[in-house]
Amino acid sequence: MAQSDTVDRILDAAEELFAERGFSETSLRMITSKAKVNLAAVNYHFGSKNALIHAVFARFLTPFSATLENAFDDLEARCDGEPPTLNQTLWALTESAVRMPQRNEKGISIFMRLLGLAYTQSQGHLRKFLEQEYSQPFSRFMRLLKEATPQLSSVDRYWRIQFMLGATAFTMSSSDALRDILQNKLGVETTVQEIAARLVPFLAAGMQAEDAMLLPPAHKSSVA
3 MAQSDTVDRI
13 LDAAEELFAE
23 RGFSETSLRM
33 ITSKAKVNLA
43 AVNYHFGSKN
53 ALIHAVFARF
63 LTPFSATLEN
73 AFDDLEARCD
83 GEPPTLNQTL
93 WALTESAVRM
103 PQRNEKGISI
113 FMRLLGLAYT
123 QSQGHLRKFL
133 EQEYSQPFSR
143 FMRLLKEATP
153 QLSSVDRYWR
163 IQFMLGATAF
173 TMSSSDALRD
183 ILQNKLGVET
193 TVQEIAARLV
203 PFLAAGMQAE
213 DAMLLPPAHK
223 SSVA
């Protein structure tokens, strides 16, 4: 078996099992059994479980980051010195993700599930790894968001970004199930690209919505 094939089989198995069971609940023996390799192969290629988790993320994020940086370069060049709009920034991010070559049809769904787990499970080493390796495109995205929403305070922008990430993670990680429900209930087929096209304007509207905390008391009670 070629070395690259062994690595890919280990990463494929780890990616699927981590997404299904979580990081802590997935043992190296589960991964080796699914990948049909021995434990020595995992230790040789990755050294530790944490390093394997990092490699699973890097396999998607490294090419994605390069694609995203190019998309931001093109976007800022088209804007000719003017800050890109929120819609343009979100489209650049979304199109970079959906256009990434996928090893299988569930690639984006699995990765978004893993990304959600990175923030809900105790994986401090992973968050540190992501911050160290991918801070450049992330910081650039944050800067573009800030420039596109100057009306927001830092606190409001923080929360709206979290809400935006939560909606994105749920929608994209559940895209297979959501597509099946749409097909069964309405007889409509859809693609991941179409889901993204519907998601972007929703996210942009949420980022720019009127701040309910600033509404008069009477308005607040009527809304409630």
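Under our numbering, the residue at position 153 of the sequence shown is numbered 155, and the numbers go up by one with no gaps. Here a beta-carbon is modelled for each residue, glycine too, at the ideal position from N, C-alpha and C.
In this chain, glutamate 27 is not harboured by any alpha helix (DSSP H), its DSSP state being neither H nor E. Look at arginine 101 here: in three-state DSSP terms it is coil, with no helix or strand label. 8 Å or more divides the Cβ of leucine 132 from the Cβ of phenylalanine 48.
If you compare the alpha carbons of Leu146, Leu180 and Met209 with that of glycine 83, the shortest gap goes to Leu146. Looking at Ser111, Leu13 and Ala43, the one whose alpha-carbon comes closest to that of alanine 179 is Ser111. Apart from sequence neighbours up to five positions away, the residues of its chain that approach leucine 184 with a beta-carbon distance below 7 Å are Val190 and Thr192, ordered along the chain. Within 10 angstroms of the beta-carbon of threonine 122 lie fewer than 16 other beta-carbons, which makes it exposed. Annotation for phenylalanine 74: the continuous alpha helix (DSSP H) segment containing it runs 51-81. Here threonine 34 is buried. Its C-beta has 16 or more other C-beta atoms within 10 Å. Leucine 205 and methionine 166 have their C-alpha atoms spaced approximately 6 Å apart. Separation of asparagine 186 and arginine 200 (C-alpha to C-alpha, rounded to the nearest whole angstrom) is 19 Å. Contact annotation: the stretch 67-84 touches the stretch 126-144, with at least three C-beta pairs closer than 8 Å. Taking a cut-off of 8 Å for Cβ pairs, the stretch 35-42 and the stretch 96-104 do not touch, as fewer than three such pairs fall below it.
Rounded to whole angstroms, the Cβ separation of arginine 115 and alanine 21 is 4 Å, and the two are in contact under 8 Å.
Beyond the five residues adjoining it in sequence on each side, phenylalanine 143 comes within less than 8 Å, by CB distance, of Leu70, Phe74, Thr91 and Leu95 in the same chain, given in chain order. Tyrosine 46 and aspartate 14 have their C-alpha atoms some 17 Å from each other.
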